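Residue numbers (our numbering): 18 to 161.
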């Protein structure tokens, strides 16, 4: 993980009066290594030294600091990932049956088309678009 990401996380935490503790750093590193958004049980499995109560509390703090994005699905577990400006622009495939979330990246042509259409729709409502995130909801390969 690049040191500038840790610097950015530390600064965002400072802005809300929080410190970048060892547990928060370990949690950020678990999320950074993940190939898709993780549930809390998955975070605990991958970050074996992280105390469960600390993970719940620290995810809430990291979300408040705009470091972590929470994705709510149809199952009992939210998923967590680093915010897009700390990683890369992507979207999600969300299974409405099992709650599985997979990241996907659209082609540049699809992105341009989506941005253009979304900006036109937003402008009609007097809304100034700064970014976008698309969640496609359907059935994953296993549930289809």
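Built from N, CA and C at the ideal position, the CB exists for glycine as well.
Computed from a predicted structure; not experimentally measured.
- In the structure shown, the three-state DSSP call for residue 45 is helix.
- The C-alpha of residue 73 lies about 11 Å from the C-alpha of residue 56.
- The region 91-132 is shown to contain whole beta strand (DSSP E) runs of 3 or more residues at 96-99, 108-112, 118-121, in chain order.
- Shown here, residue 146 sits in coil according to DSSP, grouped into three states, outside any helix or strand.
- In this structure, the beta-carbon distance from residue 125 to residue 97 does not fall below 8 Å.
- Note: residue 24 is not bridge-paired with any residue in the DSSP secondary-structure output.
- In the three-state scheme derived from DSSP, where H, G and I count as helix and E and B as strand, residue 85 is classed as strand.
- Between the region 100-115 and the region 134-141 there are fewer than three inter-stretch CB-CB distances shorter than 8 Å, so the stretches are not counted as touching.
- For residue 154, the uninterrupted beta strand (DSSP E) segment begins and ends at 152-155.
- The C-beta distance from residue 84 to residue 29 rounds to 6 Å, short enough to fall under 8 Å.
- DSSP places residue 63 in the uninterrupted alpha helix (DSSP H) bounded by 57-63.
- Across the structure, residue 123 and residue 109 are spaced so that their CA atoms are roughly 10 Å apart.
- Pairing residue 143 with residue 130, the inter-Cα distance amounts to about 20 Å.
- One Cα belongs to residue 150, the other to residue 26, and the distance between them is close to 21 Å.
- Residue 30 sits in a helix when the DSSP states are folded into three classes.
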